[in-house]
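A short worksheet on the structure shown next.
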Amino acid sequence: MSSTKEVRVRFAPSPTGELHVGNIRTALFDWAYARHTGGRFVFRIEDTDTDRVTDEYIQAALGTLRWLGLEWDEGPEVGGPYGPYLQSQRLDIYAKYAQQFLDTGFAYHCYCSAEELEAVREAQRAANNAPGYNAHCRNLTPEQVAEYLTLGRKPVVRMLMPEGSTTFTDLIRGEVSFDHNFVPDFVLARNDGSPLYTLAVAVDDVLMKITHVLRGEDLLSSTPRQIRVYQAMGVAPEDYPLFAHLPFVMGQDNAKLSKRNGEVSIAWYREAGYLPEAICNYLALLGWSPGEDREDVTMQELVELFTVERVHSSPARFDMKKLEAINGDKIRALTPEAFLNWSLPFLTRAGVITGRESEVALVKLALPIIQERITTLAEIPPMLKFLFTQDFAVAQDSLSKIADEQSKKVLQVSLDRLTSLAEWSHEGIEGVLRAALIEELALKPRVAFGAVRIAVTGSHISPPLFESMELLGKEKSLERIKASL
RNA sequence: GGCCCCGUCGUCUAGUGGCCUAGGACUCUGGCUUCUCAAGUCAGCUACGAGGGUUCGAAUCCCUUCGGGGCUACCA
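Plus 49 on top of the position in the first sequence (first one is 1) and you've got this note's numbering.
Put into structure tokens, the structure is as follows:
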């Protein structure tokens with residue numbers, strides 16, 4: 050059917066808040082599918098709910114997708130042949146179709162008030178009947194209409210759902226069928242003429258020639274309504290987009306994602322030092338897998354491997370621990386240059402460096418010794434702070450650990466031997482300290498080096514000691530040991 | 001309540017009638033390695049929601065049941 054057509058996939062969020070991991074997972078699959086098939090990735094903003102969508106959220110959404118590397122071929126800022134891509138700029142189009150549906154009898158004016166509708170629903174619930182509009186206004190006489198008008202009532206446009214049922218094949222769930230007894234006549238346009246989601250989404254998918262709709266499963270039951278709009282537009286069944294309803298991403302406690310059970314905003318992950326590729330790799334594994342016990346994929350590999358056939362139908366729980374593990378893997382896989390570029394902003398923002406060339410040079414030398422010991426970029430500043438700080442002080446909780454006699458002795462001996470060390474290299478430092486502390490004083494390495502570590506780096510947890518001392522320099526290293534005596 | 005979707009280790013998943021006494025990853029526990037923290041490495045814990053069928057044989061097919069979720073708006 051659509052085998053010869055160019056694949057066109059859209060991501061169409063309604064930015065009523067910041068994009069969260071669930072939205073992003075959908076965007077990622079949309080993007081991956083478009084790229085995998087060599088099709089087009091269309092980005093559309095569904096801002097018909099003007100009360101809840103703000104420009105700020107729209108801008109944030111654009112920024113988030115860009116940061117993640119999910120570049121779109123058509124959409125806001127880049128344009129495209131089927132624009133505009135903001136629904137708020139397409140109002141006249143929806144109005145035209147609403148009128149057309151009215152003219153052709155697919156839709157009708159409904160004058161019922163909110164109170165009347167509520168009363169109907171109440172009665173249905175009480176009688177245990179299927180809820181939904183009772184088609185009260187389907188066949189109003191001209192007199193009745195006139196009466197509503199004199200009452201000052203303004204009508205909404207309602208789609209007429211005929212008897213029967215709608216069946217479609219979901220690419221993930223197989224054949225799904227809805228009896229129209231449970232798909233009531235639904236509103237297409239408000240009484241001020243503004244369109245509702247069901248109208249706008251269907252009209253745009255048709256006009257933008259969308260071939261595949263991959264979206265959240267919360268929209269599954271709205272699909273028959275969309276299909277009815279296609280029919281009203283005169284679209285042939287073989288030209289309907291193919292649907293694939295993605296499973297939910299749930300929070301830790303099996304509840305919907307929220308701030309309470311794990312941070313959901315991508316902006317938070319960005320600030321916390323997660324790499325876009327780690328986020329995408331992890332999210333890709335929620336509801337999909339490449340098979341063959343594979344998990345680690347680059348963006349490129351995701352594009353190559355992604356198919357809807359391998360997408361699950363059951364919901365997945367978001368697990369921060371797994372994300373952390375993947376983030377650590379991705380950080381370790383970074384080239385020195387890339388790692389440096391990711392690190393610098395975190396170091397400057399934390400006030401560890403100001404960005405001077407000499408500082409950057411030192412950071413460059415220090416990064417290799419911490420690359421495999423962090424899981425997020427945010428861990429970099431505290432780890433390298435000792436190299437740059439002007440007002441060095443040993444951490445409070447470590448102070449007591451070097452206050453005893455033995456520690457004092459270790460530090461004194463270290464100071465003496467190191468002072469005469471000519472070549473200040475980590476090999477040299479290690480050789481001297483091992484000879485003096487481990488062999489001569491017969492101390493356990495962890496005890497002996499522990500004291501030096503605290504004196505020099507200020508903490509009992511640090512990057513490898515000898516490399517750290519080399520980077521710090523002889524003068525500062527000895528200065529700190531002396532100060533701790 | 002009604003309609004629809006879903007159900008494999010704690011979590012993400014592999015698995016499409018025999019390769020499954022169910023594999024991988026994360027977490028957790030223990031060991032090795034080790035200058036701390038990591039990383040690496042070895043081992044261990046733990047699952048086919050339940051009950052019926054079909055079949056020589058079922059995690060895989062069918063039915064029932066239980067559980068979870070979505071929708072039921074002039075939200076999306």
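Glycine residues also receive a C-beta, built at the ideal position from the N, C-alpha and C atoms.
Checklist entry - For Tyr157, does the three-state DSSP call read helix, strand or coil? => result Position 108 of the first sequence, counted from the start, is the residue given in the question as residue 157. In the structure shown, Tyr157 sits in a strand (DSSP, three-state: E or B).
Next on the checklist: Measuring only the C-alpha atoms, how far is Glu386 from Thr218?
Outcome noted: Sequence index remark: in the first sequence, residue 386 carries index 337 (1-based). Sequence index remark: in the first sequence, residue 218 carries index 169 (1-based). Distance between the alpha carbons of Glu386 and Thr218: 48 Å.
Next on the checklist: Short of 6 Å in beta carbon distance, which residues of its chain neighbour His361, apart from the five on each side in sequence? Order them along the chain.
Outcome noted: Stepping through the first sequence from its first residue, residue 361 is reached at position 312. Excluding sequence neighbours, His361 sits near Pro296 and Gly336.
Checklist entry - DSSP state of Glu224, grouped into three classes? => result Your numbering for residue 224 matches position 175 in the first sequence. Strand.
Checklist entry - Is the region 264–283 touching the region 217–234 in the sense that three or more CB pairs, one from each, lie closer than 8 Å? => result yes
Next on the checklist: Between which residues of its own chain and Arg57 is the CB-CB distance below 8 Å, once the five residues before and five after are set aside?
Outcome noted: By one-based count along the first sequence, residue 57 stands at place 8. Around Arg57: Ala83, Gly88, Arg89, Val91, Met257, Lys258, Ile259, Thr260 and His261.
Checklist entry - Which runs of the alpha helix (DSSP H) spanning at least 4 residues fall entirely within the region 247–297, listed in chain order? => result 272–282
Checklist entry - Who are Trp317's beta bridge partners in DSSP? => result One-based indexing of the first sequence puts residue 317 at position 268. According to DSSP, Trp317 bridges with nothing at all.
Checklist entry - Going straight from the alpha carbon of Met282 to that of Tyr197, what length do you get? => result The residue given as residue 282 occupies position 233 in the first sequence. The residue given as residue 197 occupies position 148 in the first sequence. About 29 Å.
Checklist entry - Per DSSP, what kind of secondary structure is Pro244 in: helix, strand or coil? => result Taking the first residue of the first sequence as 1, we reach residue 244 at position 195. Pro244: strand per DSSP, three-state reduction.
Item to check | Cβ pair Ala504, Leu460 closer than 7 Å | outcome: Walking along the first sequence from the start, residue 504 turns up at place 455. Walking along the first sequence from the start, residue 460 turns up at place 411. Cβ atoms of Ala504 and Leu460: closer than 7 Å.
Checklist entry - For the alpha helix (DSSP H) that Val496 lies in, which residues bound it at each end? => result Within the first sequence, numbered from 1, the residue matching residue 496 stands at position 447. Counting along the chain, the alpha helix (DSSP H) containing Val496 begins and ends at Pro494 to Thr506.
Checklist entry - Nearest CA to the CA of Leu189: which residue from Val205, Glu165 and His158? => result For the purposes of this step, residue 189 is taken as residue 140 along the first sequence, with counting starting at 1. Closest option to Leu189, Cα to Cα, is His158.
Checklist entry - In or out: Pro417 buried (at least 16 other Cβ within 10 Å) or exposed? => result Here residue 417 is taken as the residue at index 368 of the first sequence, counted from 1. Burial call: exposed.
Item to check | DSSP three-state assignment for Thr218, whether helix, strand or coil | outcome: Against the first sequence, residue 218 aligns to sequence position 169. Here Thr218 sits in strand by DSSP.
Checklist entry - DSSP on Ala175, reduced to helix/strand/coil? => result Here residue 175 corresponds to residue number 126 of the first sequence, with the count starting at 1. The answer is helix: DSSP assigns Ala175 an H, G or I state.
Next on the checklist: Short of 6 Å in beta carbon distance, which residues of its chain neighbour Leu426, apart from the five on each side in sequence? Order them along the chain.
Outcome noted: Position 377 of the first sequence, counted from the first residue, corresponds to residue 426. Within the same chain, Leu426 has close Cβ partners Gly322, Trp391 and Phe395.
Checklist entry - Can you give the Cα-Cα distance for Ser51 and Leu263, rounded to whole angstroms? => result Within the first sequence, numbered from 1, the residue matching residue 51 stands at position 2. Within the first sequence, numbered from 1, the residue matching residue 263 stands at position 214. Note that Ser51 scores 43 on pLDDT, short of 50, meaning its location in the model is unreliable and no value can be drawn from it.
Next on the checklist: Tell me which residues share the same chain as Pro339 and place their Cβ nearer than 7 Å to its Cβ, disregarding the 5 neighbours each side in the sequence.
Outcome noted: Here the question's residue 339 lines up with position 290 in the first sequence. Around Pro339: Val346 and Leu354.
Checklist entry - Touch check for the region 203–217 and the region 238–253: three-plus C-beta pairs under 8 Å? => result yes
Item to check | Beta-carbon proximity of Ala515 to Glu479, cut-off 7 Å | outcome: As a first step, residue 515 is located in the first sequence; it is residue number 466 there, counting from the start. As a first step, residue 479 is located in the first sequence; it is residue number 430 there, counting from the start. Position check: residue 515 holds Phe in this sequence, whereas Ala was assumed. Yes, the pair counts as a contact, with Cβ atoms nearer than the cut-off.
Item to check | CB contact flag (Arg381, Glu320, <7 Å) | outcome: As a first step, residue 381 must be located in the first sequence, where it is residue number 332. As a first step, residue 320 must be located in the first sequence, where it is residue number 271. No, the Cβ-Cβ distance between Arg381 and Glu320 is not below 7 Å.
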